[in-house]
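Residue numbers (this note's numbering): 1181 to 1304. Virtual Cβ for every residue (Gly too), placed ideally from N, Cα, C. Beneath this line is the structure, given in structure tokens, with notes to follow.
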């Protein structure tokens, strides 16, 4: 089940996906990227290419919504909702560190003791 946590880039709480959940939307994201590349190469038929690009993005958004129960604003945001990319929760403000390697909470300024890094969020 997706974990609903604060997302520093989106500036709001969103469902973050576990590795297994993210893996299930990866084919849709790959299709989205392939169609986007194709659209950029084949600008000679913009209506047809743009439709395929938009359809691939919608399928990726639908797959995320099915798992998370919430829809994001744009398919590009799907690349940033992977739980493994975030660090554990800050003991001061409760928001996740931006990465598992973070030493400082970018939201509240809490500094971890010397030599310590945030580490990953537990998927349980």
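| query | result |
| --- | --- |
| Classification of residue 1207 by the beta-carbon crowding that lies within 10 angstroms, buried from 16 upward | exposed |
| Helix, strand or coil at residue 1281 [DSSP, three-state] | coil |
| Enclosing beta strand (DSSP E) for residue 1192 [first to last residue] | 1192-1196 |
| Residue 1186: first and last residue of the uninterrupted beta strand (DSSP E) it sits in | 1183-1187 |
| Between the CA atoms of residue 1301 and residue 1291 - distance to the nearest angstrom | 17 Å |
| Close-in-space but distant-in-sequence residues of the same chain around residue 1297 (CB under 8 Å, 5 per side omitted) | 1267, 1280, 1281, 1282 and 1283 |
| Where residue 1298 sits in the DSSP three-state scheme | coil |
| Contact the segment 1263-1277 vs the segment 1209-1222: 3+ CB pairs below 8 Å | no |
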